[in-house]
Every structure is written in C-alpha cells, then in structure tokens.
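Chain order of the listed sequences is A and B.
My numbering puts the first residue of the first sequence at 15, with every later residue one more than the last.
My numbering puts the first residue of the second sequence at 7, with every later residue one more than the last.
Since the structure comes first, as structure tokens, the remarks are kept for the end.
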Amino acid sequence: DVKVTQSSRYLVKRTGEKVFLECVQDMDHENMFWYRQDPGLGLRLIYFSYDVKMKEKGDIPEGYSVSREKKERFSLILESASTNQTSMYLCASSQDSGGYEQYFGPGTRLTVT
Amino acid sequence: QKEVEQNSGPLSVPEGAIASLNCTYSDRVSQSFFWYRQYSGKSPELIMSIYSNGDKEDGRFTAQLNKASQYVSLLIRDSQPSDSATYLCAVNSGTGGFKTIFGAGTRLFVKA
Chain A
15 DVKVTQSSRY
25 LVKRTGEKVF
35 LECVQDMDHE
45 NMFWYRQDPG
55 LGLRLIYFSY
65 DVKMKEKGDI
75 PEGYSVSREK
85 KERFSLILES
95 ASTNQTSMYL
105 CASSQDSGGY
115 EQYFGPGTRL
125 TVT
Chain B
7 QKEVEQNSGP
17 LSVPEGAIAS
27 LNCTYSDRVS
37 QSFFWYRQYS
47 GKSPELIMSI
57 YSNGDKEDGR
67 FTAQLNKASQ
77 YVSLLIRDSQ
87 PSDSATYLCA
97 VNSGTGGFKT
107 IFGAGTRLFV
117 KA
C-alpha cells in the first residue's frame, strides 16, 4: 500500500511566522503535490514536483514556496503566514506512468491567528 | 468554465438503495478518470479508476465512462450509512501528463 505521511495533523501558528509542512511518501513516486482545501472551493493546487529539485507552480502559488531535496520528501513553506492561509493542506503523490493516480496524506489543518 | 463539474448535492438516498453520482469534464483528450471518497475531516481516498469506455465494477461500486459525452459516473449499490461522504470526481489532463483536475465533490447522505 502507498503511504503518504504529513508532519502534523493540526498546527496553530501566528501571523508572520514562517511555517514548514512536510510530506513523505514511501512508494518511490516521481510526482508530488501540495493542495489546499477550503469549504466551497474544493481542492486547489499550490505547487507540484515531478523530480528531485524540480518544481512547478500550481493554480495558487502566491505566499508559498516548496522544496524537494530528496525523492520521498516534499516540503511546503509559508514564508510569512497570514490568516487567509488558514486551511486544510493536503499532500499527494503519484507514479510517473500508468494512470497517474494520486494518493493523499492525512492532511494538516493549519490555523493562523 | 469549470473543467470538472459535479452536482454539489447533498444527494440523499435510503439505506439499501443505489446512489448515482455524476460528473462531466471539458478536456476531450483526458485519458484517466478517478473517484475519490472523502469523509468529513479526512483526506480523499481513491476508490475507483477507469480508463476506457464502459463499466468497471469493484464490489458495490461501478464506474461508468462515456468519452463521447465526456461523462463519468459512480454507482453505489446497496448503499450503507458508512457510504455517507463527499465523492470527488477527478480527471487526468490528457495534455498535462500527471496533473489531475478535481471536481468540487458531491455530498452523499445514506439514511438508515
């Protein structure tokens, strides 16, 4: 079974703090993704990576950056957290072949106060 | 224009009935289609994948794909209260390789 883990299930941070969200997958997947999910807005892609050290902006990259130094690990960084970044953050991974099915981690519910 | 559209619901069905969830997509060259189940407060879980026209069955779940009509559906037979969740339709962009477009989801309630 594919396993995707995220560093925290719940996180509370203050406005202006730098926030790191980490994601690790154990299936040697090439592709990794960061989404945020908000009520009524569905899943929105923040960034994705198709290889180590490679990254591409998704639909809503503003205020975020990412790092992928190792194949199994993909980090999302909030440079200066703001209250409008309060959300559920979901990491996913997929193989670079076949149907590209994405498998999700458990999510991190981030609250910025 | 939304690329993957679903009725947000809620769809309410009695226990034991068939629940029918529908999805349309706009990218004609899409190749892979998925259904995810998401319980409240949890992350999406892949329950079905379908790649060719027709039906694909897995237990109580049947996915149906019609590429000509750009339509994909999920049938849940003998619905159980534990099936109550939001169901996300997802489509792999035919031109974008591994990038997947998700619908906003349909909320399903199964009444005991």
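Just so you know, even glycine gets a beta-carbon here, dropped at the ideal spot from N, CA and C.
Look at the alpha carbon of residue i and the alpha carbon of residue j, and state the distance between them as a whole number of angstroms.
i: serine 81 (chain A); j: isoleucine 74 (chain A); result: 16 Å
i: glutamine 116 (chain A); j: lysine 105 (chain B); result: 9 Å
i: lysine 48 (chain B); j: arginine 58 (chain A); result: 16 Å
i: aspartate 61 (chain B); j: tryptophan 41 (chain B); result: 13 Å
i: asparagine 45 (chain A); j: methionine 54 (chain B); result: 20 Å
i: glycine 54 (chain A); j: serine 79 (chain A); result: 24 Å
i: glutamine 20 (chain A); j: glycine 109 (chain B); result: 23 Å
i: glycine 56 (chain A); j: leucine 27 (chain B); result: 17 Å
i: arginine 113 (chain B); j: tyrosine 64 (chain A); result: 32 Å
i: arginine 23 (chain A); j: leucine 35 (chain A); result: 10 Å
i: tyrosine 77 (chain B); j: alanine 91 (chain B); result: 21 Å
i: phenylalanine 115 (chain B); j: glutamate 83 (chain A); result: 43 Å
i: leucine 81 (chain B); j: valine 19 (chain B); result: 12 Å
i: serine 89 (chain A); j: alanine 23 (chain B); result: 43 Å
i: arginine 43 (chain B); j: arginine 28 (chain A); result: 32 Å
i: histidine 43 (chain A); j: serine 111 (chain A); result: 10 Å
i: glutamate 9 (chain B); j: valine 126 (chain A); result: 31 Å
Evaluate residue i with the Cβ neighbour count: other Cβ atoms within 10 Å of its Cβ, from every protein chain shown; 16 or more gives buried, anything less gives exposed.
i: glycine 121 (chain A); result: buried
i: valine 26 (chain A); result: exposed
i: serine 36 (chain B); result: buried
i: valine 18 (chain A); result: buried
i: valine 66 (chain A); result: exposed
i: threonine 30 (chain B); result: buried
i: tyrosine 93 (chain B); result: buried
i: alanine 74 (chain B); result: exposed
i: proline 16 (chain B); result: exposed
Considering only the alpha carbon of each residue, which of the options lies closest to residue i?
i: isoleucine 91 (chain A); options: A:Leu55, A:Arg58, A:Glu76; result: A:Glu76
i: proline 87 (chain B); options: B:Pro16, B:Glu21, B:Glu9, B:Asp33; result: B:Glu21
i: phenylalanine 118 (chain A); options: A:Asp110, A:Cys105, A:Thr127; result: A:Cys105
i: alanine 95 (chain A); options: A:Arg23, A:Tyr24, A:Val33; result: A:Val33
i: aspartate 52 (chain A); options: B:Gly111, B:Ser79, B:Lys73; result: B:Gly111
i: glutamine 109 (chain A); options: A:Gly30, A:Cys37, A:Met41, A:Glu31; result: A:Met41
i: serine 38 (chain B); options: A:Gly113, A:Glu31, A:Gly30, A:Glu70; result: A:Gly113
Kindly indicate the opening and closing residues of the beta strand (DSSP E) around residue i.
i: glycine 56 (chain A); result: 56–65
i: glutamate 70 (chain A); result: 68–71
i: threonine 106 (chain B); result: 106–108
i: alanine 23 (chain B); result: Per DSSP, alanine 23 (chain B) belongs to no beta strand (DSSP E) and is neither H nor E.
i: arginine 82 (chain A); result: 78–84
i: glycine 112 (chain A); result: Counting along the chain, glycine 112 (chain A) falls outside any beta strand (DSSP E), and DSSP gives it neither H nor E.
i: threonine 19 (chain A); result: 18–20
| message | Using 8 Å as the cut-off, can you tell me whether the stretch 92–103 of chain A makes contact with the stretch 57–71 of chain B, which would need three or more C-beta pairs spanning the two stretches below that distance? | response | No, the stretch 92–103 of chain A does not touch the stretch 57–71 of chain B.
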